[in-house]
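Numbering (this note's numbering), first residue to last: 568 to 765.
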């Protein structure tokens, strides 16, 4: 499996570069996206951004199925976001317990906006938009943060919430999953793909 960069690697703190129009539809871009998807799936991640594998391009992938690491997350079909732009639709915060493949072995609490819109391009360069709410909105914000050199540990509500995965499982998981269930009840729509209005 491709190495996923870890906290402390300076590449994780860089701003990624826009994918130029000339790259869309190319075999190289398709291969990069497929590699990102394969790496995410092998690591059982809910998403992965290109900088996490040392590729400094504005690309991320998200997919939430029956993931044992995140059983409480709403399903998100495999979606490739290239040159994404995010807009907060509702700033009302939700507090979530996050982990990250680039901060292996750790989890912590952060606040995320409860509703967002993302406009991006697919591998052929076709624009599309999604709206997400609740935990799905949090997932998108987490992945897009990587494109601007930000990690969830920068956003901790309280440094004392940072915990190892083992201690999360032991002391926090059951309480958090009850909280997550309530968030899912408040925001049942998860992620929706919508037509772009001209």
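For each residue, glycine too, the CB sits at the ideal point set by N, CA and C.
Nearest to residue 659 (by Cα), restricted to the options 683, 641, 620 and 619: 683
Cβ-Cβ separation, residue 669 to residue 714 (assumed contact under 8 Å), whole Å: Actually they do not touch by this definition, with Cβ atoms about 13 Å apart.
Opening and closing residue of the beta strand (DSSP E) in which residue 656 lies: 643-666
Counted within 10 angstroms of its Cβ, other Cβ atoms place residue 724 as buried (16 or more) or exposed: exposed
Cβ-based neighbour list, residue 757, same chain, cut-off 6 Å, excluding 5 preceding and 5 following: 641 and 703
heavy atom of the ligand NAP below 7 Å from residue 595 C-beta: In the structure on display, the ligand NAP does not appear, and there are no ligands present to speak of.
Buried versus exposed, by CB contacts within 10 Å (16 or more), residue 577: exposed
The stretch 704-712 touching the stretch 727-747, judged by at least three CB pairs closer than 8 Å: no
Three-state secondary structure (DSSP) of residue 731: strand
The stretch 675-682 / the stretch 573-593 touching (three or more Cβ pairs under 8 Å): no
Distance between residue 595 and residue 749 (C-alpha atoms, nearest Å): 43 Å
Sequence-distant residues of the same chain with beta carbon closer than 8 Å to residue 694, five excluded per side: 686, 687, 688 and 763
Residue 758: first and last residue of the uninterrupted beta strand (DSSP E) it sits in: 758-761
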